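Peer 1:
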Amino acid sequence: MSDGPPGPLRLAFSAELDQLRMQVEVMAIRVDENLQRMSDALADGDTAIVAVALAADDEIDAMNVSLTERCYDLLRREAPMASDLRFIVSVLRILGELERIGDLALRVVKLSNEHHLLAGSPASFAILKSMTDQAIERYRQALRAWAAMDLALANAVVTGVHDMDAFFERLMVELFHLEGPDATRIAVSSFYAGRALERINDHAAIIAARLRYLLTGDPEHLNAEVR
Numbered sequence: 421m422s423d424g425p426p427g428p429l430r431l432a433f434s435a436e437l438d439q440l441r442m443q444v445e446v447m448a449i450r451v452d453e454n455l456q457r458m459s460d461a462l463a464d465g466d467t468a469i470v471a472v473a474l475a476a477d478d479e480i481d482a483m484n485v486s487l488t489e490r491c492y493d494l495l496r497r498e499a500p501m502a503s504d505l506r507f508i509v510s511v512l513r514i515l516g517e518l519e520r521i522g523d524l525a526l527r528v529v530k531l532s533n534e535h536h537l538l539a540g541s542p543a544s545f546a547i548l549k550s551m552t553d554q555a556i557e558r559y560r561q562a563l564r565a566w567a568a569m570d571l572a573l574a575n576a577v578v579t580g581v582h583d584m585d586a587f588f589e590r591l592m593v594e595l596f597h598l599e600g601p602d603a604t605r606i607a608v609s610s611f612y613a614g615r616a617l618e619r620i621n622d623h624a625a626i627i628a629a630r631l632r633y634l635l636t637g638d639p640e641h642l643n644a645e646v647r
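For the sequence shown, the numbering used here begins at 421 and goes up steadily by one.
(1) Just the Cα atoms here: how many angstroms apart are F433 and L631?
(2) Taking the alpha carbon of S544 as the reference point, which residue from A613, D464, I620 and D504 has its own alpha carbon closest?
(3) Expressed to the nearest angstrom, what Euclidean distance is found between the alpha-carbon atoms of D648 and L455?
(4) With a CB to CB cut of under 6 Å and the five nearest residues on each side skipped, what residues in its chain are close to H582?
(5) Would you call the CB atoms of A586 and A574 closer than 9 Å?
(6) Of all the options R590, R605 and F507, which has the alpha carbon lying nearest to the alpha carbon of L437?
(7) What's the C-alpha gap between P601 and G540?
(8) Within a Cβ cutoff of 7 Å, which residues of the same chain sit near H597, ignoring the five residues on either side of it in sequence?
(9) Considering only residues of the same chain and omitting the five flanking positions on each side of L526, which have a CB-CB separation below 6 Å?
(10) From this set, D493, Y559, M442 and S510, which residue's C-alpha is nearest A567's C-alpha?
(11) Consult DSSP for E639 and reduce its assignment to one of helix, strand or coil.
(12) DSSP three-state label for A586, please.
(13) S541 by DSSP, collapsed to three states: which one?
(14) Can you name, in chain order, every residue of its own chain whose Cβ lies under 7 Å from the Cβ of K530, other than the five neighbours on each side?
(15) What separation, rounded to the nearest whole angstrom, lies between the Cα atoms of M483 and E519?
(16) If you reduce the DSSP assignment to three classes, tell me which class L431 lands in.
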């Protein structure tokens, strides 16, 4: 078997994979933009953000469909090597995680209509804001890891995923002790937001776990995807 330079077909296929990787980054940036809108909506209750976030989520969904079709087209047209196959399958999983994160961000943005309830308990509202910061930072770490194909950073994202658990437990304690006529409504809205933020954190860790598998080929890293 020749060890010579890759032929034109192989070079063209590699270029398509590079383009796919960059397009995933673009989709990830669109998700990040909606995460920032989520943070802004949660902080100040600006309901005007909802329409912008909805339009952005439609774009994210369209990108997910387009890139998923692109992956399947590459699999149909080529006979990829093991590393290429691992990359394409990983991209398919990551696309799904990005789409889910986008949906969760939109869910929290829509709660801007209930900002008066979320802010009705200063203690639980402060925890929600901390959870928002944590979820966004975890996601951005995963995004940086993907952009740089950085195994160490991907490891850090996965090992730090449980940091969110302490926030969620504190939130539950605060909500359990709420009193007053709006206590139930505040608790329901706050739980809904907190659960979405917790799941964003989890999905970011799944992206990082999939990247670890992509870079190492070790299926043990996929255990972190089961949450």
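Ideal Cβ placement from N, Cα and C applies to all residues, glycine included.
On a predicted model such as this, the values are computed, not experimentally measured, just so you know.
Peer 2: So, from the listed chains and residues:
(1) Residue numbering aside, residue 433 sits at position 13 when the sequence shown is read from its first letter. Residue numbering aside, residue 631 sits at position 211 when the sequence shown is read from its first letter. For F433 and L631, the distance between alpha carbons rounds to 21 Å.
(2) The residue labelled residue 544 in the question sits at position 124 within the sequence shown. Closest by alpha carbon: A613.
(3) Nothing in the structure corresponds to residue 648, since the chain is present only between 421 and 647.
(4) Counting from one through the sequence shown, the residue named residue 582 turns up at place 162. Taken in chain order, the list of residues that qualify is empty.
(5) Here residue 586 is taken as the residue at index 166 of the sequence shown, counted from 1. Here residue 574 is taken as the residue at index 154 of the sequence shown, counted from 1. Contact: no.
(6) Start at 1 with the first residue of the sequence shown, and residue 437 comes out as number 17. Nearest of R590, R605 and F507 to L437, Cα basis: F507.
(7) The sequence position of residue 601 within the sequence shown is 181, counting from 1. The sequence position of residue 540 within the sequence shown is 120, counting from 1. Rounded to whole angstroms, P601 to G540 spans 11 Å at the Cα level.
(8) Your numbering for residue 597 matches position 177 in the sequence shown. Same-chain partners within the cutoff: there are none.
(9) As a working mapping, residue 526 is identified with position 106 in the sequence shown. Within the same chain, A473 and D477 come within 6 Å of L526 by CB-CB distance, once the 5 residues on both sides are set aside.
(10) To locate residue 567, count along the sequence shown from 1; it is residue 147. Checking every option, the nearest Cα to that of A567 belongs to M442.
(11) Here the question's residue 639 lines up with position 219 in the sequence shown. Reading off the sequence, residue 639 comes out as Pro, not Glu. Here P639 carries a helix assignment [DSSP, helix/strand/coil].
(12) Stepping through the sequence shown from its first residue, residue 586 is reached at position 166. A586: helix per DSSP, three-state reduction.
(13) Here the question's residue 541 lines up with position 121 in the sequence shown. It is coil, neither helix nor strand.
(14) For the purposes of this step, residue 530 is taken as the residue at position 110 of the sequence shown. Excluding the 5 residues flanking it on each side, K530 has same chain C-beta neighbours closer than 7 Å at V470, in chain order.
(15) Against the sequence shown, residue 483 aligns to sequence position 63. Against the sequence shown, residue 519 aligns to sequence position 99. When only Cα atoms are considered, M483 and E519 end up about 9 Å apart.
(16) Here residue 431 is taken as the residue at index 11 of the sequence shown, counted from 1. In the structure shown, L431 falls within a helical segment according to DSSP collapsed to helix, strand and coil.
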